[in-house]
Structure formats: structure tokens, C-alpha cells
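*Asks:*
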Amino acid sequence: MELIFLGTSGFGITASRNLPSILIDKCILVDCGEGCLKSLYKYNIEVSALKAIFISHFHPDHILGLITVISKIGIYSKDLINEYPPIYVPKGMKIQLEHIIDATFSNFLNRRFELRIIELELNPETNLKITINNKIYNINWVKTLHSPICYAYKFNDEVIISGDTAPFLSFNEFIKNIPILIHEATFFDYEAELAHKLNHSTPSDVAKIAKNSGIKQVYLYHVPDIDKNEEEKFISKTKTIFPNLLVAHDGDRIIFPPNVVDQ
Ligand SMILES: [Zn+2]
Ligand SMILES: [Zn+2]
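Sequential numbering of the sequence shown, starting at 222, is according to the numbering used here.
1. Can you check which of these residues, Leu-224, Phe-232, Glu-340 and Leu-227, is closest to Ile-447 by C-alpha distance?
2. Let me know the secondary structure DSSP gives Phe-275 once reduced to three states.
3. Between His-417 and ligand 2, is the CB less than 7 Å from at least one heavy atom?
4. Are there any heavy atoms of ligand 1 lying less than 7 Å away from the beta-carbon of His-367, as far as the coordinates show?
5. If you scan the segment 412-460 from start to end, which runs of the beta strand (DSSP E) of 3 or more residues do you find wholly inside it?
6. His-443: beta carbon under 7 Å from a heavy atom of ligand 2?
7. Can we say the segment 337-352 touches the segment 227-245, given the rule of at least three CB pairs closer than 8 Å?
8. With DSSP run on the structure shown, which of helix, strand or coil describes Asn-480?
9. Figure out for me which residue from Thr-325, Asn-377 and Asp-410 has the closest Cα to the Cα of Phe-395.
10. How many angstroms separate the CA atom of Asp-471 from the CA atom of Leu-336?
11. What's the gap between the Cα of Lys-259 and the Cα of Ile-249?
12. Going along the chain, which residues of its own chain have a beta-carbon closer than 7 Å to the beta-carbon of Gly-435, five neighbours each way excluded?
13. Give every residue of the same chain whose Cβ lies closer than 8 Å to the Cβ of Phe-389, excluding the five residues on either side of it in the sequence, and list them in chain order.
14. Looking only at its chain, what residues have a beta carbon closer than 8 Å to the beta carbon of Ser-425, apart from the 5 residues adjacent to it on each side?
15. Would you tell me roughly how many angstroms separate the C-alpha atoms of His-280 and Pro-369, rounded to the nearest one?
16. Going by DSSP, what residue range makes up the alpha helix (DSSP H) through Asn-359?
17. Below 7 Å, is the gap between the Cβ of His-404 and the nearest heavy atom of ligand 1?
18. Does DSSP classify Pro-345 as helix, strand or coil?
19. Mind listing, in chain order, the residues whose beta carbon lies closer than 5 Å to a non-hydrogen atom of ligand 1?
20. Any heavy atom of ligand 2 within a distance shorter than 7 Å of the CB on His-283?
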């Protein structure tokens, strides 16, 4: 499996980071923050290669890039409706997304009727199996501790992408023995109280989750506006808890196995 971080910021676009968006095997998009389309161009990914889009939740930092990505796909697939990738969203989010698409597209193309927006049920037994480019993807999800409703997604028992969340107990079972965890860390450790109040996590929260879980490598995304010099300080307290933890950057590519980052 190959992952490319298209956006890793949790605090608005910065000089070096777009808003959350992660690409799996160059065909599955998880979240579509502002700047996603530009990242796709930057890393030489055609929008026509996107075959499925998963949205964690309905906060603007995770969805505002959808409008430009959908618009661009629309240019390619004007007469070929089936070429729109299905957009998978948490329960209750379909109508909200339709409102945004209606409001932004209605003046020139009513695209939402051609789009497939699919709500994923909350039932923890539910999963999804899709085939893309001859590869089968088994996808599971779990509701995180965030507001509004947010899902963490698990792909083929290989990688988990947390979406936004504060630490919560049942996540431990969901992540057990999965090689790669990509987890939000929106605040510094010294801001833990604020982080939890706002349903977010800190680096040490994530390290504690990963400890004894069987996870091999953690990548933090949805991070504050930190440059490379500040990263060490950001994750300094995690070293003694779970050493295999890195801060992801826009453009980082992970191919596993083996677990390597190509920057
Ligand atoms: Zn959020
Ligand atoms: Zn967010």
C-alpha cells in the first residue's frame, strides 16, 4: 500500500502545509481539505485517477477542498457520470454535503444528482468492500470522540486514519495489531486540557494509544503550525512512551511493507 500526505495541517493552510487529505494507492482520497487539488497537481496525480473519496466529518478543514476537486473531475466526466468517484460520508452527512454542492454548483451545473454520496452506517459490524484497479479494499470505521460525528477509517487491516478525535477507550480495540496509524495531534502536550475539551489529541495522547497496541509506526497529521525545528519539541515527550512516532509533512510518501518514508 502506498500513502501520500496531501495535507497535514490542523490550523488552516500554512506556508508548508495544506489541510488534511491523504491519498491511498493514488486512487482513494481520505478527506479533502483546502489545497487538496493543488497537492494532487504538485504530486502528479490526475483527478481522474480518484476512484473513491472518504470523508471523516463535516468540519471545513476536512471538506472544503471537495468543491474544487469535484469541479475538476466534472470537467473530465461531463458525459460519463459513472466516472465520478463515490463519496463515502458518516451517517447524517449526505444532506449537508448536498446543500453545499447545491449552493456552490447550482448556477452552472447541478452536479449533486450525478454524484454518489453514500452514508456509512454507525453499526460497528458494518464494513465495506470495494474493488479498485483490481485490488480489493476492506474498509472498517469507528465513530471517534469528536463533534460533529466523525469516523476513523481502517483500510485492509493495514492502515488507520483517525480523522479528528480526543482519546477514547474503544479505539484501542479498533487499532489493535494494525501496522500503520495516522493520527491527529492538533495541540502540544502542554495544551492537553484544551485539546480534550475541543475533542482533539496531543502527541503524548497518541503515543499512549499506540503503546502496547501492536502498531509498528505512527504518523501524526492535523498538526499545529510547526516547522521542522519545532517538531522535536512537539513530540519530545512521546519518545519514552512510543518511539516509532513521526510528524508527517505534505508530500511525504509511505510505502509498506517495508515501512519507509520517502520525503
Ligand atoms: Zn474536526
Ligand atoms: Zn480538523
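We put the beta carbon where it would ideally sit given N, CA and C, even for glycine.
Given the structure is predicted, the values throughout are model-derived calculations rather than measurements.
*Replies:* Judging by the given coordinates:
1. As a working note, residue 447 is residue 226 in the sequence shown. Out of Leu-224, Phe-232, Glu-340 and Leu-227, Phe-232 has the C-alpha closest to the C-alpha of Ile-447.
2. For the purposes of this step, residue 275 is taken as residue 54 along the sequence shown, with counting starting at 1. Phe-275 falls in the strand class under three-state DSSP.
3. In the sequence shown, the residue the question calls residue 417 occupies position 196. The answer is no for His-417.
4. Within the sequence shown, residue 367 is the residue found at index 146, counting from 1. Result yes, Cβ under 7 Å from ligand 1.
5. 438-442
6. The residue you call residue 443 lines up with position 222 of the sequence shown. Result yes, Cβ under 7 Å from ligand 2.
7. no
8. If you number the sequence shown from 1, residue 480 lands on position 259. Unreliable placement is indicated for Asn-480, whose pLDDT of 47 sits below 50; the coordinate value is still reported in the next sentence. Looking at Asn-480 - three-state DSSP - the assignment turns out to be coil, as it is neither helix nor strand.
9. Residue numbering aside, residue 395 sits at position 174 when the sequence shown is read from its first letter. Nearest option by C-alpha distance: Asn-377.
10. Looking up residue 471 in the sequence shown gives position 250. Looking up residue 336 in the sequence shown gives position 115. Distance between the alpha carbons of Asp-471 and Leu-336 is about 28 Å.
11. Position 38 of the sequence shown, counted from the first residue, corresponds to residue 259. Position 28 of the sequence shown, counted from the first residue, corresponds to residue 249. Approximately 16 Å, taken between the alpha carbons.
12. Taking the sequence shown and counting its residues from 1, the one referred to as residue 435 is at position 214. The residues are Lys-397 and Asn-398.
13. Stepping through the sequence shown from its first residue, residue 389 is reached at position 168. Closer than 8 Å at the Cβ level, and outside the excluded window around Phe-389, lie Thr-365 and Leu-366.
14. Counted from its first residue, the sequence shown places residue 425 at position 204. Asp-410, Ala-413, Lys-458, Thr-459 and Ile-462.
15. The sequence position of residue 280 within the sequence shown is 59, counting from 1. The sequence position of residue 369 within the sequence shown is 148, counting from 1. Between His-280 and Pro-369, the C-alpha separation is close to 8 Å.
16. The count along the sequence shown starts at 1 and reaches residue 359 at position 138. First-last for Asn-359: 356-364, but that is the beta strand (DSSP E), not the alpha helix (DSSP H).
17. Translated into the one-based positions of the sequence shown, residue 404 becomes position 183. Not so, every heavy atom of ligand 1 lies at least 7 Å from the Cβ.
18. As a position in the sequence shown, residue 345 is number 124, starting the count at 1. Coil, per DSSP.
19. His-280 and Asp-385
20. Counting from 1 along the sequence shown, the entry for residue 283 is found at position 62. Yes.
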